[in-house]
Amino acid sequence: MSSIPNELKYSKSHEWVRVLEDGNLQVGITEHAQELLGDLVFVELPEMGQQIAVEEEIGVVESVKAASDIFSPVAGDVVAINEGLEGSPELVNQEPYEDGWLYTVKPSNNSGLDKLLSADDYKEHIESEDH
Amino acid sequence: MLIFEQSKPGREAHGQTPQLASDEVTIPQQFLREDKPRLPEVSELQAVRHYTRLSQKNFSIDTNMYPLGSCTMKYNPRGVHRLASLPEFLQHHPLAPEKISQGFLACMYELQEILADITGMQEVSLTPMAGAQGELAGVSMIKAYHEANNDHGRIEMLVPDAAHGTNPASAVKCGYVVKEVPTDKDGDVDVEALKTMLGPKTAGIMLTNPSTLGVFERRIKEIADMVHDAGGLLYYDGANLNAILGKVRPGDMGFDVMHMNLHKTFATPHGGGGPGAGPVAANHRLAKYLPTPVVGKQKDQYVWLTKQERPESIGRMSTFMGNAGILLRAHIYARMLGHEGLKRASQFATLNANYLMHRLKAAGFTIAFSERRASHEFIVTLKNEAKEYGITATDFAKRLLDFGFHAPTMYFPLLVPECLLIEPTETESKEELDRFVDVMVQILEEAKTHPEILKTAPHTMPVKRLDDVRAARELDVVFSE
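First to last, the sequence lines map onto chains A and B.
The working numbering puts the first residue of the first sequence at 1, with every later residue one more than the last.
The working numbering puts the first residue of the second sequence at 1001, with every later residue one more than the last.
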């Protein structure tokens, strides 16, 4: 079973969200997601300042097997993107919850954070998808 | 080594070529070139060896079974090639006037008729140069239709999640917003979900039937009615036409426009990227928008119909007529087989696929949608093997090369994890199908006992296991320094 940190929130489309100290929301894809995709060769991120809505397609992760859209689990303005991924997309494979983060948003009033899954619920979700 | 690197100034081989009367050049002197073309200067033997060695590095249908799902790698009969190589065809110039092109135009006209008949469509244009261009033509025609009706609010193209990637790409290219239609657990389009997606914004839906999941879309007529009632049109992706020739027609299913991949279904050569041919066919709603030129018949004369005669056409997709030599081969293939022969080809394509599927299932492989009848292809999922033995679909595919089988399509469709999409086509013998099963069983055994053999395969090919991750990350497309 892949790692699912308790302190994070999750979407059914396999993104995670971390509430940072300043209240901003950091987004990445889960370890389970990167396992399904295999070795990443390219990551396309949203642009700085871009306003994004919940479940909007805001980027792409591409592996040798497949390209998969990133659906934003939360709404807000993009205030940071992980520029290191341009040269080293493998960070998402190696450390999906740390150096492999994708982008950070300053949440809008209705950020959608409260609708996301807990670690336990997400675990249940991927088990049900597996059958 | 490139053949250009073997070149030595002044080396030539024409002394070994017999001079035939028919080689006499009829081109006026002033049009002949004075300088030699910049071709490699090598002996005949050097040229023969170079190309023979190159061909030996290839995996091709001439040497190996090529069960590449969704690509219909069937054998291209040599007789077709021979007829298409008649000097009267080879030496015919595309700009030759109609009155001395009647033979060629007759072939193209007949091909249009044959394709319209076998697809149940009203009219065909042969010009698109490949399937993807046929799609672009078809979606452009849907757009032209809505625009002609001043129906400018139709901005959404519906595409099932099982579709070929070219479908959403063609729709986006034409300015549409793509909406993904989910698949239900039996492999059909999720009709309930589709209902909620249809509306005044719907321009159309792009469907492949049988789908890329290797099963026939059972509720197609209901889907067609729903889409038409919502004011949308139906696009048929002809990628899997090899399963249904003479059995069921896209026009009768309710589709308005479609493309065909002649290099799949009509046995014209698959090249490394071409030349292909992707004729587009349309029913009464869309026929007038077909790309030009189309071959018409006026009294006893065949003529080119251009934008002048067909003012509502979306215009040209290619110079001249598309890939004329490929179209000619498709025409000859269709004429050689006839309607009954084409039907038999599809029957054997589906029989071979179902035979393979059942044998592999009996041998312990997991088949996706195994309760459904396969079309001309089916899916093996190695999800369990990946979990139990750490062996992936890639490892299986690479190991197949060692046994003389081209790898099946892998990791497509994306809906099925660790999948191999297997399409034997009608041209393989039962013995070869049985050998494929034996080899699959042997590889499965190796996966259990000696997984490292799979992980490092292929072992017998000129190129061993490639580091495809590194190749993609550090892309280098330059052949030499």
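Cβ atoms here follow ideal geometry from the backbone N, Cα and C, with glycine treated the same way.
Three-way DSSP call (helix, strand, coil) for residue i in this model
i	result
F1378/B	strand
Q26/A	strand
C1107/B	helix
Y1066/B	coil
L40/A	strand
I1244/B	coil
T1350/B	helix
T1409/B	strand
S1055/B	helix
P1087/B	helix
F1255/B	coil
S128/A	helix
D1467/B	coil
L117/A	strand
R1033/B	coil
K1387/B	helix
F1004/B	helix
I1314/B	coil
Y1075/B	coil
I1326/B	helix
A1282/B	strand
F1396/B	helix
L1420/B	strand
I1443/B	helix
F1436/B	helix
P107/A	strand
Whole-angstrom distance between residue j and residue i, CA atom to CA atom
i	j	result
L1286/B	G1231/B	14 Å
E1423/B	L1433/B	11 Å
T1183/B	G49/A	35 Å
G59/A	A1137/B	28 Å
R1373/B	F71/A	35 Å
I1223/B	K1247/B	20 Å
K74/A	L116/A	Before going further, note that residue 74/A is Val rather than Lys in the sequence given. The straight-line gap from Cα to Cα measures roughly 9 Å.
V1416/B	L36/A	11 Å
E21/A	T104/A	12 Å
G79/A	E1474/B	Looking at the sequence itself, residue 79/A is Val, so the reference to Gly does not match. Straight-line Cα distance between these residues: approximately 29 Å.
G1315/B	K1297/B	20 Å
L1241/B	A1368/B	21 Å
E137/A	S68/A	Outside the shown range of chain A, which is 1 to 131, sits residue 137/A, and nothing can be said about it.
P1413/B	P1160/B	11 Å
P1028/B	T1319/B	25 Å
R1465/B	L1356/B	27 Å
Q34/A	L85/A	14 Å
R1344/B	V1080/B	18 Å
N1283/B	E1123/B	7 Å
F1365/B	T1381/B	8 Å
A1277/B	A1324/B	9 Å
L1039/B	A1047/B	11 Å
E95/A	K123/A	19 Å
L40/A	V1172/B	25 Å
H1093/B	S1101/B	9 Å
T1017/B	P1037/B	18 Å
H1050/B	M1410/B	32 Å
Sequence-distant residues of its chain with Cβ nearer than 7 Å to residue i (five each side left out)
i	result
F1403/B	V1439
P5/A	Y97, A119
P1483/B	This structure gives no information on residue 1483/B, because the portion of chain B shown stretches from 1001 to 1481.
G1390/B	P1451
E1418/B	T1381, L1382, K1383, A1386, T1392, A1393
Contacting residues, own chain, Cβ-Cβ under 8 Å from residue i (five flanking each side not counted)
i	result
L1401/B	F1059, A1407, A1457, P1458, T1460, M1461
E1446/B	R1399, I1453, L1454
M1226/B	V1191, L1194, K1195, L1198
G1010/B	E1041
Beta-carbon proximity list for residue i, same chain, < 6 Å, skipping 5 on both sides
i	result
M1317/B	T1127, P1128, Q1133, A1137, P1291
K1143/B	C1174
A1013/B	S1043, E1044
L8/A	W16, R18
Contact set between residue i and chain E, taken where Cβ atoms lie within less than 9 Å
i	result
V1469/B	Given the protein chain composition of this structure (A and B), no chain E is represented.
Cβ pair count under 8 Å reaching 3, the segment 1243–1256 of chain B against the segment 1097–1113 of chain B
Below 8 Å, too few C-beta pairs join the segment 1243–1256 of chain B and the segment 1097–1113 of chain B to call them touching: fewer than three.
Going along the chain, which unbroken runs of the alpha helix (DSSP H) with 4 or more residues stay wholly within the segment 1090–1171 of chain B?
1102–1119, 1131–1148
Assess contact between the segment 1132–1145 of chain B and the segment 1385–1399 of chain B, defined as three or more Cβ pairs (one per stretch) separated by less than 8 Å. Is contact present?
no
May I have a chain-ordered list of the beta strand (DSSP E) segments no shorter than 3 residues that lie completely inside the segment 1182–1236 of chain B?
1202–1208
At a cut of 8 Å, does the segment 1168–1183 of chain B reach the segment 1147–1156 of chain B through at least three beta carbon pairs?
Here the segment 1168–1183 of chain B makes contact with the segment 1147–1156 of chain B; the two share three or more CB pairs at distances below 8 Å.
Could I get the ranges of all uninterrupted beta strand (DSSP E) runs contained in the segment 61–89 of chain A, with 3 residues as the minimum, in chain order?
67–71, 76–81
Would you call the segment 1080–1090 of chain B and the segment 1331–1341 of chain B in contact, with 3 or more CB pairs under 8 Å?
yes
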